[in-house]
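Trainee: Residue numbers (the numbering used here), protein chains in the order written: chain A, 163 to 454; chain B, 19 to 469.
Would you mind keeping the following structure in view while I ask a few things?
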């Protein structure tokens, strides 16, 4: 193969690549130059994190973990080089306008909040000054029990280390186990001894007898085994609509519709009465033959 | 009728009628024996098939999870259909004062009894656990069409037997008095018992007329409901091809077509075999032919309704079903049934020649066969197309084809019903003697004279 041909091949093969490159997300230069009016501090980053968790995480995944939703093109990890090739103005423009699967957030997230989101993205800038650092999760041993009389859940959270000291000021999540997952009832904060008490709301609905399976767990930042408690009678009885209650056409004999039963009995009974009458006529014939 | 005849003349005439109409009972020849041998043999084969099925379970049939109604149910519907001829001939025609119906009403009643009795037996044979039959009665739901069906089928059978028996009583007395040595003693004994000591006084005749009339009226609602309820077994379920509001009348008219054809064939057989040319004469065949055209026309009307309307809409599931019938796997059968079972009879029988006994009987054979296949087409293609997709099942669950065991058991039902008719014909005259003689102007007093 001579050089000419090689060049030709490269040119043709490069053409589609050129196309892809040309799909680069262009940002008007005046936007690129915009600076972030929201100050880069821990408070704003935390606010941004909240927004990110609510609006973006489902697609973009956890920062730095490269676990986006399988879309085309893939949503970019916010801790990646590619994300940070954008200036803050670029990011603002892209979040505002969106493209393809990436939705535009112009009308759903306020301008101020979009900037805070960018504060959060900037927290992961490679070689940048990371203010919000996720501490390694605290290993916790959870203990819990339900008090049926008081309708409370008593919790003890201990550090899983040599001393087993109580874990202070930690949020504990109390949920009820349902068929398709757990439903959160509320949270409790542990005291200085690592203890907490949670009052089960009155309107919690249990099974048909009012039994609820309580599950106690801890949120992000803690590494604790979920505690599933035995069923306790702390909820309201669930009212299960009985599908074959009352008179319905396709129900059992116990629920038969009166008109139906009466129609059946009168039709069948009537027919057999007439049959009985005809048989009686036969007997009469027999009697008549004896009499004469 | 009004012509007064001399006693000798009347006696001679009555003698002739008696001899002609009891020929079926007296006749004893090789052919009769051979006929019964054939019948019993096939009945035996069918029973053997049933024993296999009871032993091995319903797995020996072609029925699987999806097609759970197969040959048996199609056959059941066919038998219920044919039995409706009893209602049509021995009730509707009589109440409308068509006197030609009297001659053929006993034959119609024979068919009704034989087929409706078998319909019941077929259902038992379709059960995987016939030993649990009693549960249907003990735990049946009154809201279930199956219980209604059970009720009407047994009621219809009872009425049919009574409608057969009550007009037979005077005949039994005649035979008791005149048969003498022509039949074995035990047969004579049966006649004597069943005749109830009939002595032919006017009160007894009055009772016979009265009872028969009451039953004739009763059989109309019962007969209509037996097939309407059978149609509800289908129409009350949500399935393409069955989800129809006209299924009741559609089935009833289809039943009249099948029953009329069956009766024509039976009339022809009697005419030929028992030399009853003067009794089932051209006139009767002509009338029956016209009746067949009439019911076929009504049936055609219902068929157009039943297929044109859904085909106009082609709702998704219904469309799959209809395409299968019109141009798919069942197309041949479907068009055969429509043409041979409805269209051709309408066109041909209107020509006088085809109302002659033989041509009419041949056409009736086609009509009867089509009627059977029609029931097959009603049951199976729909079962093969449930609304929910058929998934994750072996390939042979998708389609249905009857197995040899099923065919054996089906043959049982056919041959048993023919056997019942044959036995009835062997025991009792196939035309009501006294009624016929009376029609011919012979006074009743001659009936009870001993010969």
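Glycine is no exception: its CB is placed at the ideal position from the N, C-alpha and C atoms.
Identify the continuous alpha helix (DSSP H) that holds residue 207 (chain A) and give its terminal residues.
Mentor: 204-217 is the extent of the alpha helix (DSSP H) around residue 207 (chain A).
Trainee: What are the residues that DSSP puts in a beta bridge with residue 307 (chain A)?
Mentor: Its beta-bridge partners are A:316.
Trainee: Please say whether residue 332 (chain A) and residue 373 (chain A) have beta carbons closer to each other than 8 Å?
Mentor: Not closer than 8 Å, so no.
Trainee: Relative to the C-alpha of residue 333 (chain B), which residue among B:259, B:31, B:383 is closest?
Mentor: Nearest of B:259, B:31, B:383 to residue 333 (chain B), Cα basis: B:259.
Trainee: For residue 446 (chain A), I'd like the list of residues in its chain whose CB is within less than 7 Å of its CB, leaving aside the five on either flank, ordered along the chain.
Mentor: Within the same chain, residue 446 (chain A) has no close Cβ partners at all.
Trainee: Can the beta-carbon of residue 368 (chain A) be found closer than 8 Å to that of residue 397 (chain A)?
Mentor: For residue 368 (chain A) and residue 397 (chain A), yes; Cβs fall inside 8 Å.
Trainee: Among A:355, A:426, A:314, which residue has its Cα nearest to the Cα of residue 366 (chain A)?
Mentor: Per the Cα distances, A:314.
Trainee: Return the bridge partner residues of residue 454 (chain B) from the DSSP annotation.
Mentor: Partner(s): none; residue 454 (chain B) has no beta bridge.
Trainee: With distance defined between alpha-carbon atoms, name the residue in B:425, B:383, B:274 nearest to residue 109 (chain B).
Mentor: Checking every option, the nearest Cα to that of residue 109 (chain B) belongs to B:274.
Trainee: Go through its chain and collect everything with a Cβ distance to residue 75 (chain B)'s Cβ below 7 Å, but skip five positions before and after it.
Mentor: Only 146 meet the Cβ criterion.
Trainee: Would you call residue 402 (chain B) buried or exposed, if buried means 16 or more other Cβ atoms sit within 10 Å of its Cβ?
Mentor: With 16 or more Cβ atoms within 10 Å of its Cβ, residue 402 (chain B) is classed as buried.
Trainee: What in chain A is Cβ-close to residue 452 (chain B), meaning under 7 Å?
Mentor: Correct list: empty, because the minimum Cβ distance to chain A is about 14 Å.
Trainee: In this structure, how does DSSP classify residue 196 (chain B) when only helix, strand and coil are distinguished?
Mentor: Residue state, collapsed to three classes: helix.
Trainee: Excluding the five sequence neighbours on either side, which residues of its own chain have a C-beta within less than 7 Å of the C-beta of residue 347 (chain A), listed in chain order?
Mentor: The answer, listed in chain order, is 336, 337, 338, 362, 363, 366.
Trainee: Comparing C-alpha positions only, which one of B:257, B:115, B:392, B:364 sits nearest to residue 231 (chain B)?
Mentor: For residue 231 (chain B), the nearest C-alpha among the options comes from B:115.
Trainee: Verify the CB distance criterion: does residue 112 (chain A) have a CB-CB separation below 8 Å to chain B?
Mentor: This structure leaves residue 112 (chain A) out entirely; chain A is present only between 163 and 454.
Trainee: Count the CB pairs spanning the region 193-204 of chain A and the region 242-257 of chain A that are closer than 8 Å, and state whether there are at least three.
Mentor: Yes, the region 193-204 of chain A touches the region 242-257 of chain A.
Trainee: What first and last residue would you give for the alpha helix (DSSP H) that runs through residue 229 (chain B)?
Mentor: Taken as a continuous stretch (DSSP letters only), the alpha helix (DSSP H) holding residue 229 (chain B) covers 220-253.
Trainee: Find the residues of chain B that neighbour residue 424 (chain A), judging by a C-beta separation of less than 7 Å, and give them in chain order.
Mentor: Ordered by position in chain B, no residue passes the 7 Å Cβ test against residue 424 (chain A), which lies about 10 Å from the chain.
Trainee: For residue 226 (chain B) versus residue 185 (chain B), is the C-beta spacing smaller than 8 Å?
Mentor: Yes, the Cβ-Cβ distance between residue 226 (chain B) and residue 185 (chain B) is below 8 Å.
Trainee: Which word fits residue 352 (chain A), buried or exposed, when buried means at least 16 other C-beta atoms lie within 10 angstroms of its C-beta?
Mentor: So residue 352 (chain A) ends up on the buried side.
Trainee: Output yes if chain A places a C-beta closer than 8 Å to the C-beta of residue 233 (chain B); else output no.
Mentor: Closer than 8 Å: yes.
Trainee: With distances taken between CB atoms, is the gap from residue 222 (chain A) to residue 288 (chain A) smaller than 8 Å?
Mentor: Cβ atoms of residue 222 (chain A) and residue 288 (chain A): not closer than 8 Å.
Trainee: Looking at the secondary structure, which residues open and close the beta strand (DSSP E) in which residue 349 (chain A) lies?
Mentor: Residue 349 (chain A) -> beta strand (DSSP E) spans 343-351.
Trainee: Is there at least one Cβ from chain B nearer than 8 Å to residue 413 (chain A)'s Cβ?
Mentor: Yes, because at least one Cβ of chain B sits closer than 8 Å to the Cβ of residue 413 (chain A).
Trainee: Could you give the first and the last residue of the continuous beta strand (DSSP E) run that contains residue 384 (chain A)?
Mentor: Run containing residue 384 (chain A): 384-386, per the beta strand (DSSP E) assignment.
Trainee: Residue 419 (chain B): buried (16+ other C-beta within 10 angstroms of its C-beta) or exposed?
Mentor: So residue 419 (chain B) counts as exposed.
Trainee: Over what stretch of residues does the alpha helix (DSSP H) that includes residue 25 (chain B) continue unbroken?
Mentor: Element bounds for residue 25 (chain B): 25-39.
Trainee: Hey, which unbroken runs of the alpha helix (DSSP H) at 4 residues or more fall wholly within the region 131-191 of chain B?
Mentor: Runs found: 151-157, 163-183.
Trainee: Contact criterion: CB-CB distance below 8 Å. Does residue 222 (chain B) meet it with respect to chain A?
Mentor: By this cut-off, residue 222 (chain B) is an interface position.
Trainee: Would you decide whether residue 358 (chain A) is buried or exposed? Buried here means 16 or more other CB atoms lie within 10 Å of its CB.
Mentor: Looking at its Cβ environment, which holds 16 or more other Cβ atoms inside 10 Å, residue 358 (chain A) is buried.
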